[in-house]
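Letter by letter, the sequence shown follows residues 808 to 961 in the numbering used here. Beta carbons: idealized from backbone N, C-alpha and C, even for Gly. If you're wondering where the values come from, they're calculated on a predicted model, not measured in any experiment.
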Amino acid sequence: MLHEIILALHGCISKVLHTEGYAVELGKVLHPSEKELLKRILQIGGTYKKIESFIKKYASPTFEVDIINDIDSNGRILNGLYLQAFCFGLQTVLTPYSEKVVELEKDALKDPHLSLSSIHTQVDCYSQLLAMLSNMIDEVRGTARRYIVNIKIN
């Protein structure tokens with residue numbers, strides 16, 4: 808289960824744990840406090856997965872257009888160099904988080920009794936960052952598409 812939790816932090820969904828609605832099939836086995844920690848960990852992993860999905864979709868100059876989600880209110884396709892640069896920036900900002908997850912996997916291999924509390928403590932510092940990045944993505948997909956940015960070149 809420990810490895811599945813760490814994989815969930817990296818956005819990999821398993822049958823035992825899944826981030827959709829933060830449901831946990833192991834709820835009957837875990838103490839309520841462990842269950843709450845697990846929900847928080849899965850929420851962090853779910854947010855990371857959302858960001859990674861956005862990056863994978865829009866970082867490439869050519870991607871498959873989704874008529875509903877990829878066209879703004881003016882009928883323009885959501886793509887371009889600014890969006891690719893934004894994805895590159897997201898990826899750069901996520902690097903320390905990814906490295907922390909790899910470090911947690913190494914710790915879990917060394918100590919199979921690594922606690923949920925320990926895992927949560929090590930990744931909780933990234934929860935606000937991930938939430939903020941997720942909000943930025945929502946802005947790019949939603950309301951930010953309605954505005955035209957005027958850039959003055961000196």
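If you compare alpha carbons, which of the options is closest to residue i?
{"i": "L849", "options": "M808, D918, A866 and Y889", "result": "M808"}
{"i": "P903", "options": "D931, P919 and H838", "result": "D931"}
{"i": "L814", "options": "M939, E946, E912 and Q935", "result": "E912"}
{"i": "R948", "options": "L844, E841, L890 and H838", "result": "L890"}
{"i": "S840", "options": "Q935, K863 and S922", "result": "S922"}
Is the beta carbon of residue i sitting closer than 9 Å to the one on residue j?
{"i": "S941", "j": "T854", "result": "yes"}
{"i": "G818", "j": "S860", "result": "yes"}
{"i": "Q929", "j": "E906", "result": "no"}
{"i": "H810", "j": "A915", "result": "yes"}
{"i": "L888", "j": "I862", "result": "no"}
{"i": "V900", "j": "L816", "result": "no"}
Assuming residue i and residue j form a contact by the criterion Cβ under 8 Å, report the distance between their Cβ atoms to the nearest whole angstrom.
{"i": "I944", "j": "I858", "result": "6 Å"}
{"i": "I812", "j": "L937", "result": "I812 to L937, Cβ: 16 Å. No contact."}
{"i": "C894", "j": "Y865", "result": "5 Å"}
Taking the continuous alpha helix (DSSP H) assigned at residue i, which residues delimit it?
{"i": "H810", "result": "L809 to L816"}
{"i": "D918", "result": "From DSSP, D918 is part of no alpha helix (DSSP H); its letter is neither H nor E."}
{"i": "V947", "result": "S934 to R948"}
{"i": "G852", "result": "P839 to Y865"}
Determine, using beta carbons only, whether residue i comes closer than 9 Å to chain B.
{"i": "V908", "result": "The structure shown has no chain B; it contains just one protein chain."}
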